[in-house]
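To start, the structure itself, in structure tokens.
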Amino acid sequence: MTEHPRAERANVPDVDVALLRKHDVSGPRYTSYPTAPQFADTFGPDDHAEALTASATAIDGAPSPLSVYVHLPFCQELCWFCGCNMRVSHDREGGTDRYLDHVLAEMDAVATRARGGADAPRRVEQLHWGGGTPTFLLPRQIERLTVALKERFDFADDAEVSLEVDPRDCSDEQVALLGRLGFNRISMGVQDFEPEVQKAINRIQSEEDTRRVVDGARAAGMTSVNLDLIYGLPFQTPERFAETLEKTLTMAPDRLAIFNFAYLPDMIKHQKVIPADALPSPDDKIAILRDTIGRLGEAGYVFIGMDHFAKPDDELAVAQREGVLHRNFQGYTTRGHCDLAGLGVSAISQVGPTYSQNVKVLNDYQATVEPGDRLATMRGVRLTRDDEIRRAAIMQLICNLELDIPAFEASWSMSFDERFGDALTALAPLADDGLVSVEPGKRITVSEVGRLFIRNICMPFDAYLKKGPARFSRTV
Ligand SMILES: C[S@@+](CC[C@H](N)C(=O)[O-])C[C@H]1O[C@@H](n2cnc3c(N)ncnc32)[C@H](O)[C@@H]1O
20 MTEHPRAERA
30 NVPDVDVALL
40 RKHDVSGPRY
50 TSYPTAPQFA
60 DTFGPDDHAE
70 ALTASATAID
80 GAPSPLSVYV
90 HLPFCQELCW
100 FCGCNMRVSH
110 DREGGTDRYL
120 DHVLAEMDAV
130 ATRARGGADA
140 PRRVEQLHWG
150 GGTPTFLLPR
160 QIERLTVALK
170 ERFDFADDAE
180 VSLEVDPRDC
190 SDEQVALLGR
200 LGFNRISMGV
210 QDFEPEVQKA
220 INRIQSEEDT
230 RRVVDGARAA
240 GMTSVNLDLI
250 YGLPFQTPER
260 FAETLEKTLT
270 MAPDRLAIFN
280 FAYLPDMIKH
290 QKVIPADALP
300 SPDDKIAILR
310 DTIGRLGEAG
320 YVFIGMDHFA
330 KPDDELAVAQ
340 REGVLHRNFQ
350 GYTTRGHCDL
360 AGLGVSAISQ
370 VGPTYSQNVK
380 VLNDYQATVE
390 PGDRLATMRG
400 VRLTRDDEIR
410 RAAIMQLICN
420 LELDIPAFEA
430 SWSMSFDERF
440 GDALTALAPL
450 ADDGLVSVEP
460 GKRITVSEVG
470 RLFIRNICMP
480 FDAYLKKGPA
490 RFSRTV
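If you count the sequence shown from 1, position 339 lands on 358 in the working numbering, and the numbers rise without skipping.
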């Protein structure tokens, strides 16, 4: 195969602070299109069941492969910045066992419908445990959940099997067990190493603990380690964050997520404990982002887009160069051909032309699946053809940074100008600022610096943004 020309270009942009300031607007992160505010309770368990069953014959009568997500909501303590669907628990035995009972009941219901009447279980190419903190589970519970999944699904030999861990709540025994059970990727929260920042977010985590789990994961045979940092936290400065980044780089993560702190104290009540006057100024945040992108470029990382960096030989970076990267609720993925089945409280599924989300409150989730053979769907959406076309355009731009207009028109049997005339007009000012280039009738190409503004470039293709306000975090 001929190498894509983008492979030879520098992949980390020079950042112009004035541009960052100008284009810092609120916008969706497009882990789905339509985005979650469009999910409605008119879409329920029967609709999700129908989508699962249909997916069993979706590819010329054969099943599509599955990606399975399991949400494990428990954490031993509350990090005050946290925006995830989590719950503090001190009940590792009974309470967690009970939760797993319910997840296994839901798993039965999903696996049965996903077989669509066939005897053979559905093939799984990707598994991810998210949270919360999946390593809140005791070793015997980790084993129980893994065995249950393998009994109900047919795991591919080369399946990508990953989980999120908090290094403060992850023993050497757990890491070794996860390796033995076939987990090959691990993602760890770090956030920041500076003591004053850690104190202000109630997340005291030593460098030693983080390194211990990174080393343990590698010793256990895991081939990919991701570390999460957050910028925009209280008491951060460009100098201090640069130190956190240096410490992080000594651990040589394969991937890095540099999240912009989503500070929404009106919606996430516990964030009110964070001293708002200690948050870095917008200019300091922009300086942190600019310096971080520069430093990661020097260190040899590729900026994939939307907070994510990877080593150039990482499969995300390779897939992006080859134009075959995808995005779903788990973020960027190389397994875009899979349907996504979410299990557990608040989990989201993406099956064929549908999205659905499980009940979000723990007790309600458990009560919903308790009787057995029940799905936990609370809301969702079935995509129209217009949604599907817009989703394809947005995902193509966000993942592969280039859209070939004639190829797109051919695969969707439509006229790009007719459907997206207003989007092309809305892109003109972004093109004037060098974020994107539009060659009418030929292609749309996101520039290197445009990767930073990828949400802004996708938003003109989103039909729902025009229909009313929804709350999204800021792009920068
Ligand atoms: C479920 S946690 C990771 C696993 C584990 N619970 C931990 O904290 O290490 C997912 C990640 O989301 C990010 N995150 C959580 N709340 C956030 C917020 N309000 N703004 C930005 N990133 C956030 C953090 O970087 C965190 O590591």
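Note that beta-carbon positions come from the ideal geometry of N, C-alpha and C, so glycine has one too. None of these values were measured; they are calculated from a predicted model.
- Beta-bridge pairing by DSSP links residue 206 to 183 and 245.
- For residue 130, same chain residues with a beta-carbon under 6 Å away, outside a window of 5 residues either side, are 171 in chain order.
- Between residue 287 and residue 102, the C-beta spacing is below 8 Å.
- Within a 10 Å sphere around the beta-carbon of residue 283 sit fewer than 16 other beta-carbons, which makes this residue exposed.
- Here residue 155 is not near residue 193, since their CB atoms are 8 Å or more apart.
- In this structure residue 412 is buried. Its beta-carbon is surrounded by 16 or more other beta-carbon atoms within 10 angstroms.
- Linking residue 145 to residue 296 through their CA atoms gives a straight-line distance of about 42 Å.
- Along the length of the segment 76-132, whole beta strand (DSSP E) runs at least 3 residues long occupy 85-91, reported in chain order.
- Looking only at 326, 64 and 132, the smallest Cα-Cα distance to residue 71 is reached by 132.
- Residue environment analysis places residue 304 among the buried positions, since at least 16 neighbouring C-beta atoms fall within 10 angstroms of its C-beta.
- Checking the 7 Å criterion, the Cβ of residue 413 is out of range of every heavy atom belonging to ligand 1.
- The Cβ atoms of residue 422 and residue 462 sit closer than 8 Å to each other.
- Relative to ligand 1, even the nearest heavy atom lies 7 Å or more away from the CB of residue 321.
- The shortest C-alpha to C-alpha distance from residue 86 to any of 371, 424, 465 and 427 is the one to 371.
- With a threshold of 16 other beta carbon atoms within 10 Å, residue 185 meets it and is buried.
- Here the alpha carbon of residue 51 sits roughly 13 Å from the alpha carbon of residue 478.
- Excluding its 5 nearest sequence neighbours in each direction, residue 266 has C-beta neighbours in its own chain below 7 Å: 212 and 226, listed in chain order.
- The C-beta of residue 92 has 16 or more other C-beta atoms within 10 Å across all chains shown, which makes the residue buried.
- Between the beta-carbon of residue 83 and that of residue 357 there is about 7 Å, and that keeps the pair under the 8 Å contact cut.
- Burial of residue 473 is indicated by the presence of at least 16 other C-beta atoms within 10 angstroms of its C-beta.
- With at least 16 other beta carbons inside 10 angstroms of its own, residue 124 counts as buried.
- Listed in chain order, the alpha helix (DSSP H) runs fully inside the segment 213-261 are 214-219 and 226-238, counting runs of at least 4 residues.
- Under the three-state reduction of DSSP, residue 375 is assigned to strand.
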